[in-house]
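Down below is the structure, laid out as structure tokens.
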Ligand SMILES: Cc1cc2nc3c(=O)[nH]c(=O)nc-3n(C[C@H](O)[C@H](O)[C@H](O)COP(=O)(O)O)c2cc1C
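Residue numbers (my numbering): 84 to 270.
Right, here's the structure in full:
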């Protein structure tokens, strides 16, 4: 098995890609190698995924669930499932959407159920919720208050160069860092 953490993501309009890049940066800052894989090119990377120490899944929330692009990847992975090829590999997830909630939790639940079907081991976000008291602020890490994975919010009238905000990128980085550190301990 390589020393690499893979980040497999879909992004229709670039906003979730920005978060995927932040997650990847967090992996690297924890001195691990990272491979950023768009679901559009996943067919060139099944061997890389088999070798990775952990896989972090990322999707925008579309219609309250993972995007069709990401679901396509999930369904293609049924060949891996049949052989339980990712059994005991670490997994984590992140999502991004237009609303503060927007039913993002459902997307992370889908990813964690998917990971369970693949007999993977789920790594949670590991951050206390921010922006939930009189002293809190929207600049806080984990401002959306997620536990299962990293959540980001992108304003629907702005491009990926303007939104999501830095605090969501920093939160995403910490998911990547936690995955890399957990993988180092686990292996
Ligand atoms: C088809 C579609 C469905 C969407 N459904 C939701 C939704 O259920 N909840 C939400 O908060 N935002 C929703 N949005 C907004 C996107 O999640 C948001 O624009 C996000 O930043 C898009 O990420 P992307 O640029 O990586 O595709 C939807 C957008 C599209 C295009």
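Note that the Cβ used here is the ideal one computed from N, Cα and C, for glycine as well.
Please find out if some non-hydrogen atom of ligand 1 comes closer than 7 Å to the beta-carbon of residue i.
| i | result |
| --- | --- |
| residue 96 | yes |
| residue 179 | yes |
| residue 217 | no |
| residue 290 | Because residue 290 is not part of the residues shown, which for the chain are 84 to 270, the question remains open. |
| residue 185 | yes |
| residue 55 | Since the first and last residues shown for the chain are 84 and 270, residue 55 lies out of range. |
| residue 146 | yes |
| residue 115 | no |
| residue 107 | no |
| residue 243 | yes |
| residue 182 | yes |
| residue 250 | no |
| residue 237 | yes |
DSSP state of residue i, grouped into three classes?
| i | result |
| --- | --- |
| residue 95 | coil |
| residue 267 | helix |
| residue 105 | helix |
Taking 6 Å as the limit between beta carbons, can you name the residues of its chain near residue i, skipping five residues before and five after?
| i | result |
| --- | --- |
| residue 227 | 234 |
| residue 194 | 140, 176 |
If you drop the 5 nearest sequence neighbours on each side, which residues of the same chain put their C-beta closer than 8 Å to that of residue i?
| i | result |
| --- | --- |
| residue 171 | 202, 203, 204 |
What residues in its chain sit with their C-beta under 7 Å from that of residue i, if we drop five residues either side in the sequence?
| i | result |
| --- | --- |
| residue 270 | 136 |
| residue 190 | 142, 144, 148, 149, 178 |
Threshold first: 3 residues or longer. Then list the beta strand (DSSP E) segments lying entirely within the region 129-181, N to C. 137-145, 173-180
Alpha helix (DSSP H) segments (min. 4 residues) lying fully within the region 177-264: 187-200
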